[in-house]
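Chemist: Numbering (my numbering), first residue to last: 5 to 226. By construction, the Cβ of each residue, glycine as well, lies at the ideal position given by its N, Cα and C atoms. No experiment lies behind these values; they were computed from the predicted model shown. Dropping a structure here in structure tokens format, bear with me for questions.
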Ligand code: ADE
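Now the structure itself:
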């Protein structure tokens, strides 16, 4: 998979994609990630990328030209263009699985007060990572990349995401423990030490349901 990210703050991405699983995925050749500063594409003599809104109002609005030109220079027939804004469709695990099947993602990070509405004419999908407003699309872009890259075949052991929350009937993960058996008077549940795999499986299923009922009852209603 190829991922191109369009931003005015490329340095925010320094290190984020050079650690842990994403670093490994890049080294294995599973993903190529490129960061583009769309200010480099402006034709304005003062390097402007934004201007005041028509009709008045406060703040600055991102202009079409730098973003259109940057997208046009990297887009192919296989590209899916995503705009990150708080007014996009809510991002869910299902979207991660769908996007992980794409060959090329172009992710545009919005900023400041907003962007010229005509930018929407060149995008395929508008995504919000949650019902809150961030200062820009950079952190949401990192969320997208992380959640997608880990699903690419061969990046992590397949079993680990078959078992996780949201995959199996929209249940939250069951609790897990490791050594020592007792820590600050807190004990590992006896059943996990029993070696009885059927009982362990049953315990985990029940715990998943109990946790989901307690924390995310809305998932069970679905
Ligand atoms: N930009 C600002 N807030 C955002 C959000 N919640 N999701 C995606 N992009 C954003």
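(1) Spell out a yes or no on whether the segment 103-113 and the segment 45-55 are touching, meaning 3 or more CB-CB pairs, one atom from each, closer than 8 Å.
(2) So within the segment 111-171, which uninterrupted beta strand (DSSP E) runs reach at least 3 residues, ignoring any that extend past its ends?
(3) Rounded to a whole number of angstroms, what is the C-alpha to C-alpha distance between residue 59 and residue 211?
(4) Please confirm whether residue 181 and residue 192 have their CB atoms less than 7 Å apart.
(5) Mark residue 178 as exposed unless 16 or more other C-beta atoms lie within 10 angstroms of its C-beta, in which case mark it buried.
(6) Run the CB neighbour count on residue 54, radius 10 Å, all protein chains shown included, and call it buried at 16 or more, exposed below.
(7) Just verifying my parser: in three-state terms, what is the DSSP assignment at residue 12?
(8) So, does the segment 155-162 touch the segment 89-107, judging by three or more C-beta pairs under 8 Å?
(9) So who's on the other strand from residue 87, going by DSSP bridges?
(10) Does at least one heavy atom of the ligand ADE sit under 6 Å from the Cβ of residue 138?
(11) Are there any heavy atoms of the ligand ADE lying less than 6 Å away from the beta-carbon of residue 144, as far as the coordinates show?
(12) Pull up the distance between the alpha-carbon of residue 128 and that of residue 87, whole angstroms please.
(13) When you compare only the Cα positions, how much space is there between residue 184 and residue 175?
(14) With distances taken from CA atoms, which of 139, 68, 144, 122 is nearest residue 93?
(15) Just to confirm the assignment, what range does the beta strand (DSSP E) spanning residue 41 have?
(16) DSSP has residue 94 in a bridge; who is on the other side?
(17) Since residue 118 and residue 65 should fall inside the 8 Å C-beta cutoff, what is the C-beta to C-beta distance between them, to a whole number of angstroms?
(18) Kindly indicate which three-state DSSP category residue 187 falls into: helix, strand or coil?
(19) Considering residue 31, what are the terminal residues of the alpha helix (DSSP H) in which it resides?
Modeler: On the basis of the data shown:
(1) Taking 8 Å as the limit for Cβ pairs, the verdict is that the segment 45-55 does not touch the segment 103-113.
(2) Within the segment 111-171, the complete beta strand (DSSP E) runs of at least 3 residues are 129-132.
(3) Straight-line Cα distance between these residues: approximately 56 Å.
(4) In contact: residue 181 and residue 192 (Cβ atoms closer than 7 Å).
(5) With a threshold of 16 other beta carbon atoms within 10 Å, residue 178 meets it and is buried.
(6) Residue 54 is buried by the Cβ-count criterion.
(7) Residue 12 falls in the coil class under three-state DSSP.
(8) As far as the Cβ criterion goes, the segment 155-162 touches the segment 89-107, which means the pair count is three or higher.
(9) Beta-bridge analysis with DSSP links residue 87 to 112, 130.
(10) Residue 138: yes, Cβ under 6 Å from the ligand ADE.
(11) For the ligand ADE, at least one heavy atom lies less than 6 Å from the Cβ of residue 144.
(12) Between residue 128 and residue 87, the C-alpha separation is close to 8 Å.
(13) Cα-Cα distance, rounded: 27 Å.
(14) For residue 93, the closest C-alpha among the options 139, 68, 144, 122 is that of 144.
(15) For residue 41, the enclosing beta strand (DSSP E) stretches over residues 36-41.
(16) Under DSSP, residue 94 takes part in a beta bridge, and its partners are 132.
(17) Taking a contact as a CB-CB distance under 8 Å, the pair residue 118 and residue 65 counts as one, their CB atoms being some 5 Å apart.
(18) The DSSP-derived three-state label of residue 187 is strand.
(19) Unbroken alpha helix (DSSP H) run through residue 31: 24-31.
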